[in-house]
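Visitor: Just so you know, my numbering puts 26 at position 26 of the sequence shown, and the rest follows in order with no gaps.
Idealized CB from N, CA, C, for every residue including glycine.
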Amino acid sequence: MRKEKKSGGKLSPEKKNQAELFAALEILEKEKGISKEYMLEKIGQALLTAYRRDNPGAPENVVFEPDEKKKTFRLYARKTVVEDIFEPYEEMTLEEAREMFPAAEMGSVLNVEIKTMDFGRIAAQTAKQVIIQGIREAEQGALYQRFTANEHEILPAVVSRVDPRNGNLILEMESMRQSNGEKTEAVLTASEQIRGEVLNEGERIRVYVVEVKTDRGRPRVLISRTHPGLVKRLFELNVPEISEGLVEIRSISREGGSRTKMAVWSANPDVDPIGACVGPRGERVNAVVNELRGEKIDIVRWSEDVAQFVGAALQPASVLRVDVAADGKSCRAVVPDDQLSLAIGKEGQNARLAVRLTGVKIDIKSKSQDAAEPLPEEFYRQPEPEAAEAAEEVIEAAAEEPVKNEEKAEPVANLDGLVDDIFNA
Numbered sequence: 001m002r003k004e005k006k007s008g009g010k011l012s013p014e015k016k017n018q019a020e021l022f023a024a025l026e027i028l029e030k031e032k033g034i035s036k037e038y039m040l041e042k043i044g045q046a047l048l049t050a051y052r053r054d055n056p057g058a059p060e061n062v063v064f065e066p067d068e069k070k071k072t073f074r075l076y077a078r079k080t081v082v083e084d085i086f087e088p089y090e091e092m093t094l095e096e097a098r099e100m101f102p103a104a105e106m107g108s109v110l111n112v113e114i115k116t117m118d119f120g121r122i123a124a125q126t127a128k129q130v131i132i133q134g135i136r137e138a139e140q141g142a143l144y145q146r147f148t149a150n151e152h153e154i155l156p157a158v159v160s161r162v163d164p165r166n167g168n169l170i171l172e173m174e175s176m177r178q179s180n181g182e183k184t185e186a187v188l189t190a191s192e193q194i195r196g197e198v199l200n201e202g203e204r205i206r207v208y209v210v211e212v213k214t215d216r217g218r219p220r221v222l223i224s225r226t227h228p229g230l231v232k233r234l235f236e237l238n239v240p241e242i243s244e245g246l247v248e249i250r251s252i253s254r255e256g257g258s259r260t261k262m263a264v265w266s267a268n269p270d271v272d273p274i275g276a277c278v279g280p281r282g283e284r285v286n287a288v289v290n291e292l293r294g295e296k297i298d299i300v301r302w303s304e305d306v307a308q309f310v311g312a313a314l315q316p317a318s319v320l321r322v323d324v325a326a327d328g329k330s331c332r333a334v335v336p337d338d339q340l341s342l343a344i345g346k347e348g349q350n351a352r353l354a355v356r357l358t359g360v361k362i363d364i365k366s367k368s369q370d371a372a373e374p375l376p377e378e379f380y381r382q383p384e385p386e387a388a389e390a391a392e393e394v395i396e397a398a399a400e401e402p403v404k405n406e407e408k409a410e411p412v413a414n415l416d417g418l419v420d421d422i423f424n425a
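Structure below.
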């Protein structure tokens, strides 16, 4: 074994640089969550890449060996002591060997240290790029994991800036701010923003994480303010009976910024699912409406009976009768003559949302139209006395004033340049 020379307790410039690198890795692990083991592996790859760049055709006999206790690392080539050299990268003479290892003998396999400071400028730059890329990959991987853990959940965010070119919003994800104050940002595209909602820099909002996937190694996160999942999660946050399992949200259909229909149900006959979602004096549903800036919300009772469910879904129109086809996938809903337009809704919205809510194709007819058009044979005529039994609440409320973001934490100083000293670049 080669003995280290003592230097009066002072570290050589190379050892000092290595110690500083280990300190930087500890900061990286603490503040960015990138493990030292991962980065040491990347540093090893970088050094081997740099060595091979300086030594084209060199065999796979170079080893990277970190020592976390001593805060140092070594790069060495394994060479065999021979009489005549045929492979300079793999062999050395006895005379050369004994200059470094006095006890060396013919045939010994020795670890010959390679000085990183001897690498050429281009090789050193290549190594630095490998390390930087390793940091980026680790950061992207950690970010992907954090977003994946929150897929299909609501996250709080602050509007960081507005892109005037396309209307996209750059959001700072508040719950994902790192311990060093560094921001995690996501893009809320114009297509996923609530129609008519004007958001300014500093405003706090909540967004729904629709999907997380990778694109060329980088996390691609789709967040939304228009997705039905946002409404579902908001009610789960505001209605204890839902989080306790007493009330279930069976289906939701939504046109963001305009109207949502939600079907709820409870297995407990003593629990009113609609009343639970509305809350005392409408407090619970109003909290959701305020978050959605005044979007109308229709809460109806879910039923396994298709006729009853369709009748509820078409409210606020009164439904006289619902005739269901044998396959249960389509129906005819009959409404009073003066409520046909109400049942269909402006630009067909009420009917469109009812179809999405129930999953049933609905043909809406006025009473006079129904009398004039024979019912198809595959439909079962229902009794006509009254509309299907259902209940709903339609809530309209003005949105509260958005809260402004008072201050933003600045990220800590970056660690650029700490690798340069290894190569004396």
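Would DSSP call E113 helix, strand or coil?
Guide: Under the three-state reduction of DSSP, E113 is assigned to strand.
Visitor: Evaluate the contact criterion for the segment 219 to 230 versus the segment 244 to 258: three or more CB pairs, one atom per stretch, below 8 Å.
Guide: yes
Visitor: When the Cα atoms are used, what is the spatial distance from D337 to V322?
Guide: 15 Å
Visitor: So for R321, helix, strand or coil by DSSP?
Guide: strand
Visitor: Could you tell me the alpha carbon to alpha carbon distance between E197 and R293, rounded to whole angstroms?
Guide: Going from the Cα of E197 to the Cα of R293 covers about 7 Å.
Visitor: Can you tell which of L342, S330, N268 and G345 has the C-alpha that lies nearest to the C-alpha of G359?
Guide: S330
Visitor: Return the chain-ordered ranges of every beta strand (DSSP E) run that is complete within the segment 248 to 331 and spans a minimum of 3 residues.
Guide: Secondary structure in the segment 248 to 331: the beta strand (DSSP E) runs of 3 residues or longer, each lying completely within the stretch, are 248 to 255, 259 to 265, 296 to 301 and 321 to 325 in chain order.
Visitor: Looking at the secondary structure, which residues open and close the beta strand (DSSP E) in which V207 lies?
Guide: Note, V207: beta strand (DSSP E), R204 to D215.
Visitor: With DSSP as the reference, identify every bridge partner of T226, one or two as the case may be.
Guide: Paired residues: none, contrary to the question.
Visitor: Where Q349 and A343 are concerned, what is the direct C-alpha to C-alpha distance, given to the nearest angstrom?
Guide: Looking at the two C-alpha atoms, the distance is approximately 9 Å.
Visitor: Any contact between the segment 78 to 87 and the segment 106 to 114? By contact I mean 3 or more CB pairs, one from each, below 8 Å.
Guide: yes
Visitor: What's the gap between the Cα of L340 and the Cα of V310?
Guide: 15 Å
Visitor: By alpha-carbon positions, which one of D272, E113, E241 and M262 ends up nearest to M470?
Guide: The chain is shown only over 1 to 425; residue 470 falls outside these bounds and no answer can be derived.
Visitor: Using DSSP with H/G/I as helix, E/B as strand and the rest coil, what is D84?
Guide: It is coil, neither helix nor strand.
Visitor: Ignore the nearest five residues each way along the sequence and tell me which others in L171's own chain have a CB closer than 8 Å to its CB.
Guide: A157, V158, V159, S160, E185, A186, V187, L188, I205, V207 and I223
Visitor: Where do the N-terminal and C-terminal ends of the beta strand (DSSP E) with M428 fall, by residue?
Guide: Here the chain covers residues 1 to 425 and nothing more, so residue 428 does not appear.
Visitor: Would you list the residues sitting across from A157 in a DSSP beta bridge?
Guide: DSSP output for A157 lists M173 and I205 as bridge partner(s).
Visitor: Taking E174 as the reference, give the member of K183, N166, G167 and G57 with the closest Cα.
Guide: It is K183 whose Cα lies nearest to the Cα of E174.
Visitor: For L75 versus L47, is the C-beta distance shorter than 9 Å?
Guide: It is a contact, given that the beta carbons lie within the stated cut-off.
Visitor: What do you reckon, are the CB atoms on V264 and V300 nearer than 9 Å?
Guide: yes
Visitor: Going by the DSSP bridge assignment, what does D67 pair with across the sheet?
Guide: Paired residues: T72.
Visitor: Going by DSSP in three states, I364 sits in which element: helix, strand or coil?
Guide: strand
Visitor: Buried or exposed for D163, please, with buried defined as at least 16 other CB atoms from any protein chain shown within 10 angstroms of its CB.
Guide: exposed
Visitor: Give every residue of the same chain whose Cβ lies closer than 6 Å to the Cβ of A317, excluding the five residues on either side of it in the sequence, and list them in chain order.
Guide: Here the set comprises V335, Q339, L342 and A343.
Visitor: DSSP beta-bridge partners for V335?
Guide: Answer is S366.
Visitor: What is the DSSP secondary structure of F379, counted as helix, strand or coil?
Guide: strand
Visitor: Quick one: grab the DSSP three-state call for R78.
Guide: In this structure, R78 counts as strand in the three-state DSSP scheme.
Visitor: Can you give me the start and stop residues for the beta strand (DSSP E) that E91 sits inside?
Guide: E91 to T93
Visitor: Per the DSSP calculation, V62 is bridged to which residue(s)?
Guide: A77
Visitor: Mind checking E407: buried by the 16 CB within 10 Å criterion, or exposed?
Guide: Note that E407 has pLDDT 37, beneath the 50 cutoff, so the model's placement of it is unreliable and no number is given.
Visitor: Could you name the residues that DSSP lists as bridge partners for V162?
Guide: V162 is bridged to L169.
Visitor: Which residue from L143, E90 and A190 puts its Cα closest to that of E60?
Guide: Closest option to E60, Cα to Cα, is E90.
Visitor: Given a cut-off of 9 Å on the beta-carbon distance, is the pair V239 and I154 in contact?
Guide: no
Visitor: Based on Cα-Cα distance, which residue from P374, R98, I194 and D270 lies nearest to N168?
Guide: I194
Visitor: Alpha carbons only, please: which of C277, D272 and S251 is nearest the one belonging to F235?
Guide: Relative to F235, the option among C277, D272 and S251 whose CA is nearest is C277.
Visitor: Ignore the nearest five residues each way along the sequence and tell me which others in V306's own chain have a CB closer than 8 Å to its CB.
Guide: Cβ neighbours of V306 beyond the five flanking positions: V322, V324, G328, C331, T358 and V360.
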